[in-house]
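All remarks here apply to the structure that follows.
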Ligand code: ABN
């Protein structure tokens with residue numbers, strides 16, 4: 052027999068000589084009852100853990116998602132989903148000669164930036180990641196404030212709109 056077994060056998064025999072079966076049952080019953088009654092009222096911090104978990108899981112939108120901050124005024128397929136990037140046209144296309152300018156707030160520094168929405172021309176519609184955020188856009192009769200326009204119209208391949216880039220121009224001036 053192992054030392055472990057011998058130790059437990061001896062201690063059990065000693066306990067059996069000292070404590071009656073009835074009193075040990077009473078003790079065990081008390082311990083069980085105490086645990087059952089106390090555990091549910093202990094102050095577990097469930098709320099903060101849940102909030103932390105939710106915060107940890109919340110991912111910032113990347114530049115292939117419509118809610119990425121630079122796309123606040125976009126109307127078109129994102130070039131970052133079409134073989135280009137947020138500010139460059141995909142191979143085989145060229146940037147439009149005219150563009151629409153929007154103002155978007157960068158959540159990282161809370162500042163407003165001018166963003167130029169240029170179309171990439173020369174290939175048919177990309178068809179991926181269509182976004183229509185339109186912040187600051189006005190109806191078609193307000194020329195210049197309307198962005199639902201094919202900006203390839205000034206290029207030689209005027210009807211071939213592929214996707215839209217969102218080029219950062221710089222910080223917007225604060226209005227007085
Ligand atoms: N500026 C994107 C676009 C292209 C064609 C028609 C509407 C909008």
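In the working numbering, the protein residues as written are 52 to 227. Here a beta-carbon is modelled for each residue, glycine too, at the ideal position from N, C-alpha and C. The model shown is predicted, which means the values in this text are computed figures rather than measured ones.
Validate contact between the region 210–217 and the region 161–174 using beta carbons, cut 8 Å, 3 pairs: By the Cβ criterion, the region 210–217 is in contact with the region 161–174, since at least three pairs of Cβ atoms, one from each stretch, lie closer than 8 Å.
field: From 61, 156 and 206, residue whose alpha carbon lies closest to that of residue 187
entry: Scanning 61, 156 and 206 for the CA closest to the CA of residue 187 turns up 156.
task: Have a look at residue 85 and residue 76 and give me their C-alpha separation to the nearest angstrom.
output: Distance between the alpha carbons of residue 85 and residue 76 is about 14 Å.
query: Any idea which residues DSSP pairs residue 174 with across the strands?
result: The partner list for residue 174 (beta bridge, DSSP) is empty, contrary to what the question assumes.
query: Is residue 222 closer than 8 Å to residue 159 when the C-beta atoms are compared?
result: No.
task: From the DSSP output, in three-state form, read off residue 156 for me.
output: The three-state secondary structure of residue 156, taken from DSSP, is strand.
Endpoints, alpha helix (DSSP H) assigned at residue 60: First-last of the alpha helix (DSSP H) with residue 60: 54–69.
task: Grab the span of the beta strand (DSSP E) containing residue 218 for me, first residue to last.
output: Per DSSP, residue 218 belongs to the beta strand (DSSP E) from 212–222.
message: Counting C-beta neighbours from all protein chains within 10 Å, is the total for residue 57 16 or more, i.e. buried, or is it exposed?
response: Exposed is the call here.
task: Spell out whether any CB of chain E is found under 8 Å from the CB atom of residue 64.
output: Considering every chain present, this structure includes no chain E. It has just one protein chain.
task: Please indicate yes or no: does the CB of residue 127 lie closer than 7 Å to some heavy atom of the ligand ABN?
output: A heavy atom of the ligand ABN is found nearer than 7 Å to the CB of residue 127.
query: When burial is assigned at 16 or more other CB atoms within 10 Å of the CB, is residue 122 buried or exposed?
result: Classification of residue 122: buried, given that the 10 Å Cβ count is 16 or more.
query: Shortest alpha-carbon distance to residue 178 belongs to which of 164, 82, 55 and 127?
result: Considering only alpha carbons, the answer is 127.
- prompt: Which residues in the same chain have their Cβ closer than 7 Å to the Cβ of residue 180, if we skip the five residues on either side of it in sequence?
  reply: Excluding the 5 residues flanking it on each side, residue 180 has same chain C-beta neighbours closer than 7 Å at 115, 128, 129 and 132, in chain order.
- prompt: Within this structure, are the beta carbons of residue 117 and residue 203 separated by less than 8 Å?
  reply: No. Outside cutoff.
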